[in-house]
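To start, the structure itself, in structure tokens.
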Amino acid sequence: MDDAPFFNEGNCSGSMNCSEKNSSLLVFGEVCQAHLVMFFIMAIAYGAVALLAVIGNIALILIIMKQKEMHNVTNILIANLSVSDLLMSVMCLPFTLVYTFMDHWVFGEVMCKLNNMVQCVSVSVSILSLVLIAVERHQLIINPRGWRPNNMHAYIGIAITWVMAICISLPLMLFNIVTDDPLKLLPHFQEQYNGKVVCISNWPSETFKLTYTTCLLMIQYIGPLGFIFMCYLKIYIRLKRRNDMMDKMRENKCRSTETKRINVMLISIVVAFAVCWLPLNIFNAVADWNHEIIMNCSHNPVFLLCLLTAMISTCINPIFYGFLNRNFQRDLHAVLHFCKCSSKEEDYETIAMSTVHTDVSKTSLRLGSPEA
Numbered sequence: 001m002d003d004a005p006f007f008n009e010g011n012c013s014g015s016m017n018c019s020e021k022n023s024s025l026l027v028f029g030e031v032c033q034a035h036l037v038m039f040f041i042m043a044i045a046y047g048a049v050a051l052l053a054v055i056g057n058i059a060l061i062l063i064i065m066k067q068k069e070m071h072n073v074t075n076i077l078i079a080n081l082s083v084s085d086l087l088m089s090v091m092c093l094p095f096t097l098v099y100t101f102m103d104h105w106v107f108g109e110v111m112c113k114l115n116n117m118v119q120c121v122s123v124s125v126s127i128l129s130l131v132l133i134a135v136e137r138h139q140l141i142i143n144p145r146g147w148r149p150n151n152m153h154a155y156i157g158i159a160i161t162w163v164m165a166i167c168i169s170l171p172l173m174l175f176n177i178v179t180d181d182p183l184k185l186l187p188h189f190q191e192q193y194n195g196k197v198v199c200i201s202n203w204p205s206e207t208f209k210l211t212y213t214t215c216l217l218m219i220q221y222i223g224p225l226g227f228i229f230m231c232y233l234k235i236y237i238r239l240k241r242r243n244d245m246m247d248k249m250r251e252n253k254c255r256s257t258e259t260k261r262i263n264v265m266l267i268s269i270v271v272a273f274a275v276c277w278l279p280l281n282i283f284n285a286v287a288d289w290n291h292e293i294i295m296n297c298s299h300n301p302v303f304l305l306c307l308l309t310a311m312i313s314t315c316i317n318p319i320f321y322g323f324l325n326r327n328f329q330r331d332l333h334a335v336l337h338f339c340k341c342s343s344k345e346e347d348y349e350t351i352a353m354s355t356v357h358t359d360v361s362k363t364s365l366r367l368g369s370p371e372a
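If you want it as structure tokens, here you go:
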């Protein structure tokens, strides 16, 4: 089977820090060849992830909108998270995959500026939504008598996250350009790329780029992830202590099992996000600070695998937040068949959706367990 040219002219990559992988990452003096078999495998994998993400997040949004009983703070934030994941799967996957396997940019200047910015906005909204969910759960469990956010607070928080995300991502729109003369802007381009239309980030200076991408890494990954981990760690400790207290008062193995299951789900949410985005963040950090390490034909395959791993997070969220719960499965079935939910008296969710009920005066904790 014939081989196809395999180069990347500096696409943002849709990564967590959305840093410009410009000409410094290109393979100088050689043209990498990729078997078409690899192209088809990657295309199928990316297509499957995008399809699952679109279907899963749309279903989750429709279910939350359909059921008035589910219009609580956490579900509103989860719907916002699904919107950002949906935007990521639509804007990031198709353009990045096509551009990575081509030797020129074909989507125009507007998409060159919007593509990277929208990707960065989506990632920022996703992580900030996870932070807001962690804050709400922390208040519900750790400080039930203190301030508790309501639906209006959730909408205000969502508006703030989008404004912050757009502000954070503006440099990508401002400095991304389409040019057919990359040698003029970036002299270390090889002659083989001269005359080809490419989408690159024309940063004011290398220092500016490194400062910006490093700040993004802290804002979009390390900082929020550490904060979320601490919130869920405190939640886990509090639930474990209360569960031990209930065990001393009365034997309730079923309740204990469900509490452990809920704790595992809480931790899994954080772990899944961290694991999915870790490879791409490492790749971006290496590319920004020591790009010579990956200046060879392995750059594009490694990048595509890292990006694919990150994009899987857009599929995992609907599973963790919805499809492991029978109430969501039932409502999904109802939406698909255009029928109404049959049980209005059944309690919806659980700590997995943050409806935790605490009664401190009775030293008890009633948990609606997520059904699987």
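Take the sequence shown: its letters are residues 1 to 372, numbered as in the numbering used here.
Backbone N, C-alpha and C fix where the C-beta goes; we use that ideal spot for every residue, glycine too.
These numbers come from a predicted model, not from an experiment.
Per DSSP, which residues does residue i bridge with? Please list them.
i, result
"asparagine 176", "Ser201"
Just to confirm my understanding: we take residue i, look at its own chain, exclude 5 residues before and 5 after, and list those with CB closer than 7 Å. What are they?
i, result
"valine 197", "His104, Trp105, Val178 and Asp180"
"glycine 146", "Gln139"
"tyrosine 232", "Ala134, Leu266, Ile267 and Val270"
"isoleucine 219", "Ile168"
"tyrosine 212", "Pro171"
I want to see whether chain B comes within less than 8 Å of residue i, judged by CB atoms only; does it?
i, result
"lysine 113", "The structure shown contains no chain B; it is built from a single protein chain."
By Cβ distance below 8 Å, which residues in the same chain neighbour residue i in space, the five residues on each side in sequence not counted?
i, result
"valine 49", "Ser89, Leu93, Leu308, Met311, Ile312, Thr314 and Cys315"
"arginine 238", "Ile141 and Ile142"
"isoleucine 76", "Ile64, Asn151, Ala154, Tyr155 and Ile158"
"alanine 79", "Leu60, Ile61, Ile64 and Met65"
"valine 54", "Leu86, Ser89 and Val90"
"methionine 164", "Ser124 and Leu128"
"tryptophan 289", "Leu210"
"valine 73", "Glu136, Pro149, Asn150, Asn151, His153, Ala154 and Ser354"
Give the range of the alpha helix (DSSP H) segment to which residue i is assigned.
i, result
"tyrosine 221", "It is not in any alpha helix (DSSP H) - tyrosine 221 carries neither H nor E in the DSSP assignment."
"asparagine 317", "313 to 318"
Spatial neighbours of residue i within its chain, please: C-beta separation below 6 Å, excluding the five flanking residues on both sides.
i, result
"arginine 148", "Gln139"
"alanine 272", "Ile316"
"cysteine 306", "Pro279, Leu280 and Phe283"
"glutamate 9", "In this prediction, glutamate 9 scores a pLDDT of 38, lower than 50, which makes its location untrustworthy; the coordinate-derived value is nonetheless stated afterwards. The answer, listed in chain order, is Val198."
"glutamate 109", "Val178"
"phenylalanine 320", "Ile269"
"leucine 97", "Tyr46"
"methionine 117", "Ser169, Leu172 and Met173"
"proline 224", "Ile127 and Val131"
"lysine 209", "Trp203"
"glycine 29", "Bear in mind that the predicted position of glycine 29 carries a pLDDT of just 40, short of 50, making it unreliable; the figure below should be weighed with that in mind. Nothing listed; no residue qualifies."
"lysine 234", "Ile142"
"leucine 52", "Cys315"
Sufficient close CB pairs (3 or more, under 8 Å) joining the region 266 to 276 to the region 311 to 321:
yes
Can you list, in chain order, the stretches of the alpha helix (DSSP H) that have 4 or more residues and sit fully within the region 53 to 128?
73 to 91 and 93 to 100
Say whether the region 110 to 126 touches the region 77 to 86, bearing in mind that this needs 3 or more beta-carbon pairs closer than 8 Å, one atom from each stretch.
yes
Report yes or no: do three or more beta-carbon pairs, one from the region 167 to 178 and one from the region 106 to 113, lie closer than 8 Å?
yes
Pairing CB atoms from the region 223 to 231 with CB atoms from the region 127 to 135, are three or more of them under 8 Å?
yes
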